[in-house]
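Novice:
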Amino acid sequence: MSYYFFGTADVYVTGKGYIRLRYIKTSPKNIKLTHISGTVPVSGLLGINAGYFDDNSQDVYSICIQNSSTVTSGHTYNGYYNVTSAGTKARGTLVWDDPWRTYRLQTIEAADEVTIGDPDNYWAQGGVNLFLKNDTSWNNLINSPTKGEYISDQSPNTPYNRSALLYGTSLNIYLVISETKCSLDQFRTAIKLGIDTTNGIEGIILDGANATQMNVPDSSYSFMGGTSRKLPAMIQVVNNVPL
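Residues in the sequence shown are numbered consecutively from 282, following the working numbering.
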């Protein structure tokens with residue numbers, strides 16, 4: 282039995298046209314937050330890019346922590362904080378609490394704010410809230426780009442390749458990229474039409490543009506949004522349990 286499913290959704294978005302989404306669906310138990318210091322395709326591992334980071338220092342600018350260990354060490358920012366160009370900010374962070382078999386989508390600044398049942402059995406990945414079930418909150422976020430989660434850092438109106446981490450009521454998790462360059466609002470709409478067909482999906486935006494990367498070795502598929510940008514971390518899918 283397979284431990285993941287690799288899918289494609291071609292979604293028509295008014296004002297944009299077709300947006301192609303690629304996604305990996307798996308169990309949250311199969312998620313491993315992995316330090317790579319390279320590109321996702323070259324790593325040879327199954328998964329996508331993680332959150333935001335600095336190219337030169339390889340500092341990790343999104344919470345990226347598993348079983349109380351940050352994804353890197355020896356850096357100013359190693360995955361313990363959500364960081365923006367305006368400093369640390371409370372941002373959407375997706376948490377899997379394994380003992381309680383539940384997701385929590387928290388808007389937090391640092392890993393010590395994560396709500397968990399067991400500090401040795403969880404993972405938390407930071408990004409920016411998608412607010413898939415709350416259009417008002419999403420519009421407030423987009424219309425106030427230098428407030429709240431400071432979404433201006435993500436160039437919301439620029440056509441870029443995008444990525445996201447989503448979860449559903451079935452407890453499956455989705456690692457999603459857009460092969461088509463689009464704005465954040467168009468990406469969110471494509472997710473709602475192409476993956477969130479039952480209004481049971483929620484999640485976070487990950488890094489975008491040339492940091493958008495995916496690798497599916499068994500399907501001989503890989504994607505990089507432009508140049509071969511070196512990432513400090515990825516969201517890897519490993520074979521712990523069947524899908």
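Even glycine gets a Cβ: it sits at the ideal position worked out from N, Cα and C. These numbers come from a predicted model, not from an experiment.
Tell me which residues share the same chain as residue 441 and place their Cβ nearer than 6 Å to its Cβ, disregarding the 5 neighbours each side in the sequence.
Specialist: Walking along the sequence shown from the start, residue 441 turns up at place 160. Only 462, 489, 490 meet the Cβ criterion.
Novice: Who does residue 404 pair with in a DSSP beta bridge?
Specialist: For the purposes of this step, residue 404 is taken as the residue at position 123 of the sequence shown. Paired residue(s): 347, 377.
Novice: Buried or exposed for residue 444, going by 16 or more other Cβ atoms inside 10 Å?
Specialist: To locate residue 444, count along the sequence shown from 1; it is residue 163. With 16 or more other Cβ atoms within 10 Å, it is buried.
Novice: Excluding five sequence neighbours on each side, which residues of the same chain lie with their C-beta closer than 7 Å to the C-beta of residue 429?
Specialist: Counting from one through the sequence shown, the residue named residue 429 turns up at place 148. Cβ within range, chain order: 422.
Novice: Check this for me: beta carbons of residue 306 and residue 288, under 8 Å apart or not?
Specialist: Counted from its first residue, the sequence shown places residue 306 at position 25. Counted from its first residue, the sequence shown places residue 288 at position 7. It is a contact, given that the beta carbons lie within the stated cut-off.
Novice: Where are the beta strand (DSSP E) runs, 3 residues long or more, that stay fully inside the region 438 to 499, in chain order?
Specialist: You should have 444 to 449, 454 to 459, 482 to 486, 494 to 497.
Novice: State yes or no: is the C-beta of residue 365 within less than 8 Å of the C-beta of residue 431?
Specialist: By 1-based counting over the sequence shown, the position of residue 365 is 84. By 1-based counting over the sequence shown, the position of residue 431 is 150. Yes, these two residues count as a Cβ contact at 8 Å.
Novice: Within the chosen definition, does the region 460 to 477 reach the region 294 to 303 through at least 3 CB pairs nearer than 8 Å?
Specialist: The answer is yes - the region 294 to 303 touches the region 460 to 477, with three or more Cβ pairs under 8 Å.
Novice: Return helix, strand or coil for residue 318, following the three-state DSSP convention.
Specialist: In the sequence shown, the residue the question calls residue 318 occupies position 37. Looking at residue 318 - three-state DSSP - the assignment turns out to be strand.
Novice: According to DSSP, is residue 291 helix, strand or coil?
Specialist: Looking up residue 291 in the sequence shown gives position 10. If DSSP states are grouped into helix, strand and coil, residue 291 belongs with the strands.
Novice: On the premise that residue 386 lies in contact with residue 483, defined as a C-beta separation below 8 Å, what is that separation, rounded to the nearest angstrom?
Specialist: Here residue 483 refers to the residue found at position 202 of the sequence shown. Here residue 386 refers to the residue found at position 105 of the sequence shown. That belief holds up - the Cβ atoms of residue 483 and residue 386 are roughly 6 Å apart, short of 8 Å.
Novice: Among the residues of its own chain, which have a CB less than 7 Å from the CB of residue 473, if the five just before and after it don't count?
Specialist: Your numbering for residue 473 matches position 192 in the sequence shown. Around residue 473: 413.
Novice: For the candidate residues 315, 493, 503, 446, whose alpha-carbon lies nearest to that of residue 515?
Specialist: Position 234 of the sequence shown, counted from the start, is the residue given in the question as residue 515. Checked all of 315, 493, 503, 446; the closest Cα to residue 515 is 315.
Novice: Bridge partners for residue 412 per DSSP, in chain order?
Specialist: As a position in the sequence shown, residue 412 is number 131, starting the count at 1. Partner(s): none; residue 412 has no beta bridge.
Novice: Check whether the Cβ atoms of residue 452 and residue 309 sit closer than 8 Å, and answer yes or no.
Specialist: For the purposes of this step, residue 452 is taken as the residue at position 171 of the sequence shown. For the purposes of this step, residue 309 is taken as the residue at position 28 of the sequence shown. Taking 8 Å as the Cβ cut-off, residue 452 and residue 309 qualify as a contacting pair.
Novice: Helix or strand or just coil, what does DSSP make of residue 513?
Specialist: Residue 513 sits at position 232 when you count from the first residue of the sequence shown. If DSSP states are grouped into helix, strand and coil, residue 513 belongs with the strands.
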